[in-house]
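In the numbering used here, the protein residues as written are 96 to 391.
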């Protein structure tokens, strides 16, 4: 048995996960649920015999649990992420398999039904972040934004004397929601067999985009002599790796048509120049090469 938020008890075995809420709570359950539920005293996954069963899946009940508190404001996420298939990209039809994310979000304060709905939106954004950070793609190779089967149950303690409204990502409650949902989904996905990707090294990213050593020699002869040595240095330099990761994500967005190439190129050059300004004292890459990497 696991205690969550000093008031809820979670029990699990091979075929069920059950959370006893001890007193009546309000629940907003997305499809296939029927929306709003009142006076819910138990909720869970599998064969739990609960008042609300979020998922009947009994095959991959290795869950992730994340809890966060700020003063009297608390929240916890319990997620089951079976992501071996069913990865989707918004706007595209390629979404094959029966992959699933089922989420129970426990909110300590009392919220209106509209605030609970906004908490669901914040949770969906956190799920997208987790799917993308795991490097998951749909069957056509497009970066994933979600999963075929997504079920969310937002639970609010209607008897709490703490009444809040903000559950968007710019509120403290929104931060609690985002961070706990992200971590719970990530933890469950890894427990269910999804390998966490290795860091996005500069050298591997460039090679995957076609910037091989031969290509650099042919197009940028003044840089080619230092190419291998420079990449080795940058692979271990967080000052460059983090903004370079942003640069490659921007390149993906240009390729998907989300950002016009002209604006994407200008933004990419801005990232490069900012990177050079912050990292040049650490022996960064020559400017003529960095400006010419992804956006030339």
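Note that beta-carbon positions come from the ideal geometry of N, C-alpha and C, so glycine has one too. Nothing here was measured: the structure is a model prediction, and the numbers come from that model.
7 Å CB neighbourhood of residue i in its chain, flanking five on each side removed
i: residue 145; result: 113, 137, 138 and 139
i: residue 234; result: 189 and 191
i: residue 238; result: 184, 227, 232 and 347
Per-residue DSSP class, three states only, for residue i
i: residue 366; result: helix
i: residue 124; result: strand
i: residue 115; result: strand
i: residue 140; result: strand
i: residue 194; result: coil
i: residue 130; result: strand
i: residue 42; result: Residue 42 is absent from the model: the chain starts at 96 and stops at 391.
i: residue 339; result: helix
i: residue 158; result: coil
i: residue 245; result: strand
i: residue 164; result: strand
i: residue 185; result: coil
i: residue 178; result: coil
Own chain residues within Cβ distance below 8 Å of residue i, not counting five before or after
i: residue 376; result: For residue 376, the predicted structure reports a pLDDT of 46, less than 50, and the residue's modelled location is therefore unreliable. A value from the coordinates is still provided. For residue 376, where only same-chain residues beyond five positions count, there are no Cβ hits under 8 Å.
i: residue 187; result: 233, 235 and 237
Own chain, CB closer than 6 Å to residue i, minus 5 neighbours either side, in chain order
i: residue 122; result: 132, 135, 147, 248 and 250
i: residue 128; result: none
i: residue 174; result: 159, 198, 279, 280 and 283
i: residue 106; result: 96 and 113
i: residue 109; result: none
i: residue 181; result: 192, 193, 194, 242 and 243
i: residue 169; result: 100 and 203
For residue i, the first and last residue of its enclosing beta strand (DSSP E)
i: residue 103; result: 103-108
i: residue 240; result: Careful: residue 240 lies outside any beta strand (DSSP E) and carries neither H nor E.
i: residue 150; result: 147-150
N-terminal and C-terminal residue of the alpha helix (DSSP H) that residue i is part of
i: residue 223; result: 208-228
i: residue 100; result: Note, residue 100: premise wrong, no alpha helix (DSSP H); not H, not E.
i: residue 268; result: 267-286
i: residue 313; result: 308-314
Residue i vs residue j beta-carbon contact at 7 Å
i: residue 104; j: residue 143; result: no
i: residue 262; j: residue 209; result: no
i: residue 117; j: residue 194; result: no
i: residue 163; j: residue 274; result: yes
i: residue 258; j: residue 205; result: yes
Cβ of residue i within 7 Å of any chain C Cβ
i: residue 250; result: Protein chains in the displayed structure number just one, and chain C is not present.
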